[in-house]
Amino acid sequence: MAARPAGATPLPPPRFVALFDFDATTTGDLGFKKGDTLLIINKDDANWWTAKASATGKVGTIPANYVVPIPAENEKPTPPVGSIPTPTAATAAAAAPPPAAPVSKSTPVASSPSAGEEGRESNNKVRWFHGKITREETEKLFEQHGSKDGLFLLRESVNYPGDYTLCVCFERGVQHYRVEKVAEGGKLTVDQESYFDDMIHLVDHYRMESDGLCTRLRQPIVKRGPQPKIDPKIFKKAGWEIQRSEVILGNILGSGNFGEVYEATWRSQKVAVKTLKGENAMEDFLAEASVMTRLRHKNLVQLLGVCLDITPIYIITEFMSKGSLQDYLRSRGRREIPMATLFSFAQQVSSAMVYLESRNFVHRDLAARNVLVGDDNTAKVADFGLAKNANEQDVVEGGKIPIKWTAPEALLNNTYTNKSDVWSFGVVLWEVYSFGRIPYPRMSHTEVVQEIKRGYRMESPEGCPTAIYNIMLACWQIEVDRRPSFREIETQLEKAAGTAM
Numbered sequence: 001m002a003a004r005p006a007g008a009t010p011l012p013p014p015r016f017v018a019l020f021d022f023d024a025t026t027t028g029d030l031g032f033k034k035g036d037t038l039l040i041i042n043k044d045d046a047n048w049w050t051a052k053a054s055a056t057g058k059v060g061t062i063p064a065n066y067v068v069p070i071p072a073e074n075e076k077p078t079p080p081v082g083s084i085p086t087p088t089a090a091t092a093a094a095a096a097p098p099p100a101a102p103v104s105k106s107t108p109v110a111s112s113p114s115a116g117e118e119g120r121e122s123n124n125k126v127r128w129f130h131g132k133i134t135r136e137e138t139e140k141l142f143e144q145h146g147s148k149d150g151l152f153l154l155r156e157s158v159n160y161p162g163d164y165t166l167c168v169c170f171e172r173g174v175q176h177y178r179v180e181k182v183a184e185g186g187k188l189t190v191d192q193e194s195y196f197d198d199m200i201h202l203v204d205h206y207r208m209e210s211d212g213l214c215t216r217l218r219q220p221i222v223k224r225g226p227q228p229k230i231d232p233k234i235f236k237k238a239g240w241e242i243q244r245s246e247v248i249l250g251n252i253l254g255s256g257n258f259g260e261v262y263e264a265t266w267r268s269q270k271v272a273v274k275t276l277k278g279e280n281a282m283e284d285f286l287a288e289a290s291v292m293t294r295l296r297h298k299n300l301v302q303l304l305g306v307c308l309d310i311t312p313i314y315i316i317t318e319f320m321s322k323g324s325l326q327d328y329l330r331s332r333g334r335r336e337i338p339m340a341t342l343f344s345f346a347q348q349v350s351s352a353m354v355y356l357e358s359r360n361f362v363h364r365d366l367a368a369r370n371v372l373v374g375d376d377n378t379a380k381v382a383d384f385g386l387a388k389n390a391n392e393q394d395v396v397e398g399g400k401i402p403i404k405w406t407a408p409e410a411l412l413n414n415t416y417t418n419k420s421d422v423w424s425f426g427v428v429l430w431e432v433y434s435f436g437r438i439p440y441p442r443m444s445h446t447e448v449v450q451e452i453k454r455g456y457r458m459e460s461p462e463g464c465p466t467a468i469y470n471i472m473l474a475c476w477q478i479e480v481d482r483r484p485s486f487r488e489i490e491t492q493l494e495k496a497a498g499t500a501m
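The sequence shown runs 1 to 501 under full-length UniProt numbering.
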């Protein structure tokens, strides 16, 4: 068994106790009985948490409102999420039936199988399992994905047929661990001490702790390939379907990637409705809606629901009264918009992108035209038609690529990462402080690509604070690793606040 890495011992996962029985109804759920102890691994979704059963070691998704934290001595337990407060957890469990497991409005619609985050199906459907690839091909994949600590994949062993190899990145190198399949019972082991029923349980274990590996498994390298089609019925099952009779269309606001966008009314509130009239772009349209179900942030335009019963199908989102940031800047200009408002827009967009970065999503079309402005000058990033999980690499149709906003590595190699979004954010900053001008004025798309390769960068807009322009230049570093993360950009903006307003 490999030596444990040096360093402080991490805090153990918080312990919760089940108030009710829960039967696993879908792949990836973790069933449990009232009174079972559960270790909470991940709370990214407010309603569905990832947990490990203390008794069995199994990992899966649980409804947050079925459990309460195990209190310290002399403390009363906290009521479950979404429940009516009761004097004690014990009386709640005794007197009340189990609440409905959360489904509507926050249940994400997945476009692919999931195990934890990536897939919990047979080996050929687990998207971090790459099958028969060589050691050299493996190490090239890690290099392409940035060689970050905790990157991992599983492959078939070349030297030991029937076994597997767990490949983990640490300190820019790749460690290859033999995963032996035990003859009796078919269990899997890395160290001859811990045994697992299948590769999914093995990966779940090492995601929680390194347990002798060079580091804990953090981010999978997902196998490329065609993505499963999205079944429209999934939206209904997850609680996102809206009755078409409740939606009253108003004026056309403009045209989107798939069809017209309308101002509309739904249940007495003003909303925006994207429509799709034809069938050709159905998959892309549903993919955008699927992405939106998984994202929730104050500076992202929120999905309210979909209408899928007949054509045209609708994506219904919150309404942003002042339109796109690009139009807002152009129509008001320098005389009407104070520097403090420009700086606020920059901070709000960066906040949204910090969130996307934390969720491992790449927007791929970040531009002022895709940021919407509300009544109180709230800015929200919109248009997720090209957004992908950072592990999914596929070809963007040439006609859709926004050349002047796209990072060089994305243009030349079709490599999209959060750092390519950082490049685009630099262009958005330039748009904001130039009051909506088109980037690279008087230059064709071909000229833009050529000039960027030669080292050209746009000049600072008139009146733009030096600190803001320095952030733009940092975003436009040709070497991806030299660009700041969005978290770092957010910090830089905070430091610039005194001089930028």
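Beta carbons are placed, not taken as given, at the ideal position from N, Cα and C, and that holds for glycine.
All figures in this text were calculated on a predicted structure; none of them were measured in a lab.
- According to the DSSP assignment, residue 169 belongs to no alpha helix (DSSP H) but to the beta strand (DSSP E) extending over 164-170.
- Taking the Cα positions, residue 326 is about 15 angstroms away from residue 253.
- DSSP places residue 446 inside the alpha helix (DSSP H), whose first and last residues are 445-453.
- In this chain, the alpha helix (DSSP H) harbouring residue 431 covers 418-433.
- Residue 299 and residue 379 have their C-alpha atoms some 6 angstroms from each other.
- In the DSSP annotation of this structure, the continuous segment of the beta strand (DSSP E) that includes residue 255 starts and ends at 247-255.
- Shown here for residue 139: same chain residues with a beta carbon closer than 7 angstroms to its own, the five before and five after excluded, namely 174 in chain order.
- Sequence-distant Cβ neighbours of residue 382 in its own chain, meaning closer than 6 angstroms and more than five residues away, are 301, 370, 372.
- Between residue 58 and residue 38, the gap from beta carbon to beta carbon reaches 8 angstroms or more.
- Assigned with DSSP and collapsed to three states, residue 494 falls in helix.
- In chain order, 326, 402, 405, 424, 427, 428, 431 place their CB closer than 8 angstroms to the CB of residue 367, counting only its own chain and leaving out the 5 sequence neighbours on each side.
- Remark: fewer than three beta-carbon pairs, one from each stretch, lie closer than 8 angstroms, so the stretch 313-321 and the stretch 331-350 are not flagged as touching.
- In this structure, residue 203 lies near residue 154, with their beta-carbon atoms less than 8 angstroms apart.
- The C-beta distance from residue 306 to residue 235 rounds to 5 angstroms, short enough to fall under 8 angstroms.
- If you look at residue 16, you'll find it in the beta strand (DSSP E) that goes 15-18.
- In the structure shown, residue 333 falls within a helical segment according to DSSP collapsed to helix, strand and coil.
- By the beta-carbon neighbour count (other beta carbons within 10 angstroms, threshold 16), residue 145 is buried.
- Under the three-state reduction of DSSP, residue 382 is assigned to coil, being neither helix nor strand.
- For residue 290, the three-state secondary structure derived from DSSP is helix.
- Judged by DSSP secondary structure, residue 270 falls within the beta strand (DSSP E) whose first and last residues are 269-276.
- Sorting 192, 311, 165, 356 by C-alpha distance to the C-alpha of residue 417 places 356 at the top.
- With contacts defined as CB atoms closer than 8 angstroms, residue 342 and residue 436 fail to qualify as a contacting pair.
- Between residue 473 and residue 346 the beta-carbon gap is near 15 angstroms, outside 8 angstroms, which marks them as no contact.
- Between the alpha carbons of residue 241 and residue 365 lies a distance of about 27 angstroms.
- One alpha carbon belongs to residue 485, the other to residue 350, and they sit about 10 angstroms apart.
- Shown here for residue 263: same chain residues with a beta carbon closer than 6 angstroms to its own, the five before and five after excluded, namely 250, 251, 253 in chain order.
- Per DSSP, the continuous alpha helix (DSSP H) segment holding residue 138 begins and ends at 135-144.
- By the Cβ neighbour-count rule, residue 375 is exposed, with fewer than 16 other Cβ atoms within 10 Å of its own.
- DSSP places residue 155 inside the beta strand (DSSP E), whose first and last residues are 151-156.
- Cα atoms of residue 294 and residue 151: separation of roughly 22 angstroms, rounded to the nearest angstrom.
- DSSP, read as helix, strand or coil, puts residue 195 in coil.
- Contact annotation: residue 55 and residue 36 have beta-carbon atoms nearer than 8 angstroms.
- A Cβ-Cβ contact shorter than 8 angstroms links residue 179 with residue 166.
- If you ignore the 5 residues before and after residue 67, its C-beta comes within less than 7 angstroms of the C-beta of 16, 17, 18, 19, 38, 80, all in its own chain and listed in chain order.
- Under DSSP, residue 468 forms no beta bridge with any residue.
- In the displayed model, residue 217 falls within coil according to three-state DSSP, outside both helix and strand.
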